[in-house]
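> Sharing a structure with you now.
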């Protein structure tokens, strides 16, 4: 696999396109394996731009405290890309390999030891993108495998849904139907001034949010653009981050653990126990 030494997201190339019914999407393996476009009935649901779309967060989600985490007795320092913390993993900064692709499914991989954004342990990450034959649901699956020593890891997704559906080119300008979010969480992780969970679980507060919520029976969030489209996000994962502080977009991020979870709630990946997480988006038109 050709390696790009620059770890900044590259301009979006043509990508791998999937289509069914009136739904079409494009995955950009050269730009962190993100979904760069997701159109239903001709309407773009994702904020456009090389840093947006929907990207996988792996091998960690959200922030790591000052970019440091321990595995056993070893302290590791990751690149601090959101000072003073390390943010959203390394996978979004890399060029992934397309393992296979058809009209409605595609699989992508990258090596955790990729020198463009190294992780201290060898292993493999896989993303499977599956569009239902009727074009009414999309399932995303991430797998993290260890090929040597065990290590803590997380995985999840960071979609940027447009706030106004029907705005020109998915830029999220103030036209079209404004998004509404509906979900019920058992708790909210209290967020400290450093944007990391304090360890206290509190009663969920009203938005706006840049917060992590606990859903021990599985993530279930409804994203609605009144009169246009209803989209349900579900996952067996128990954590979701909701971010709606920007005027252009809102984010609903199912993930396998809370921010800074490599330190506070480590989930070990071993050669016989990989990490796997899936999320399904399903939708229906309202017009």
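Numbering (this note's numbering), first residue to last: 60 to 346.
C-beta: ideal position from N, C-alpha, C; glycine also.
The structure presented is a predicted model; accordingly, all values stated were derived computationally and were not measured.
#1: Which class does residue 321 belong to by DSSP, given the choice of helix, strand or coil?
#2: Is residue 135 helix, strand or coil when you go by DSSP?
#3: Would you check if the distance between the CB atom of residue 159 and the CB atom of residue 89 is smaller than 8 Å?
#4: Name, in chain order, the residues that DSSP records as bridge partners for residue 211.
#5: My assumption, with CB atoms under 8 Å, is that residue 309 sits in contact with residue 280. Please give the rounded CB distance.
#6: Along the chain, where does the beta strand (DSSP E) containing residue 335 start, and where does it finish?
#7: May I ask you to report which of helix, strand or coil DSSP gives residue 64?
#8: Mind checking who residue 216 pairs with in its DSSP beta bridge?
#9: Tell whether a beta-carbon distance below 8 Å holds between residue 126 and residue 116.
#10: What whole-angstrom Cβ distance do residue 315 and residue 215 have, given they're in contact under 8 Å?
#11: Taking the C-alpha atoms as reference points, what is the distance between residue 286 and residue 221?
#12: Out of 217, 133, 168, which has the shortest C-alpha to C-alpha gap to residue 106?
#13: Output yes or no for whether 8 Å exceeds the beta carbon distance between residue 91 and residue 150.
#14: Near residue 128, what residues of its chain come up, given a Cβ to Cβ distance below 7 Å and the 5 sequence neighbours on each side ignored?
#15: Work out the CA separation of residue 307 and residue 109 for me, nearest whole Å.
#16: What's the gap between the Cα of residue 300 and the Cα of residue 194?
#17: Where does residue 283 land, buried or exposed, given buried means 16+ other C-beta within 10 angstroms?
Considering the structure as presented:
#1: By one-based count along the chain shown, residue 321 stands at place 262. Helix.
#2: Here residue 135 is taken as the residue at index 76 of the chain shown, counted from 1. It is a strand residue.
#3: Position 100 of the chain shown, counted from the first residue, corresponds to residue 159. Position 30 of the chain shown, counted from the first residue, corresponds to residue 89. No, they are not a contact pair.
#4: In the chain shown, residue 211 corresponds to position 152, counting from 1. Note: residue 211 sits in a beta bridge opposite 327.
#5: One-based indexing of the chain shown puts residue 309 at position 250. One-based indexing of the chain shown puts residue 280 at position 221. Incorrect: roughly 10 Å between the Cβ atoms, too far for contact.
#6: Locating residue 335 in the chain shown gives position 276, counting from the first residue. Segment 334-344, the beta strand (DSSP E) holding residue 335.
#7: Here residue 64 corresponds to residue number 5 of the chain shown, with the count starting at 1. Bear in mind that the predicted position of residue 64 carries a pLDDT of just 29, short of 50, making it unreliable; the figure below should be weighed with that in mind. Here DSSP, grouped into helix, strand and coil, assigns residue 64 to coil.
#8: Start at 1 with the first residue of the chain shown, and residue 216 comes out as number 157. DSSP, once it has assigned bridges, lists 115 as partnering residue 216.
#9: For the purposes of this step, residue 126 is taken as the residue at position 67 of the chain shown. For the purposes of this step, residue 116 is taken as the residue at position 57 of the chain shown. Against a cut-off of 8 Å, the Cβ pair of residue 116 and residue 126 comes out as no contact.
#10: Mapped onto the chain shown, residue 315 falls at position 256. Mapped onto the chain shown, residue 215 falls at position 156. About 6 Å separates the two Cβ atoms, so the contact holds.
#11: Here residue 286 corresponds to residue number 227 of the chain shown, with the count starting at 1. Here residue 221 corresponds to residue number 162 of the chain shown, with the count starting at 1. The alpha-carbon atoms of residue 286 and residue 221 are separated by roughly 15 Å.
#12: Start at 1 with the first residue of the chain shown, and residue 106 comes out as number 47. The option with the nearest alpha carbon to residue 106 is 217.
#13: As a working mapping, residue 91 is identified with position 32 in the chain shown. As a working mapping, residue 150 is identified with position 91 in the chain shown. A contact, by the Cβ cut-off of 8 Å.
#14: Locating residue 128 in the chain shown gives position 69, where the first residue counts as 1. Correct list, in chain order: 135, 211, 321, 322.
#15: If you number the chain shown from 1, residue 109 lands on position 50. If you number the chain shown from 1, residue 307 lands on position 248. Taking the straight line joining both Cα atoms gives about 15 Å.
#16: Position 241 of the chain shown, counted from the first residue, corresponds to residue 300. Position 135 of the chain shown, counted from the first residue, corresponds to residue 194. When rounded, the distance between both Cα atoms is 26 Å.
#17: In the chain shown, counting from the first residue as 1, residue 283 sits at position 224. Buried is the call here.
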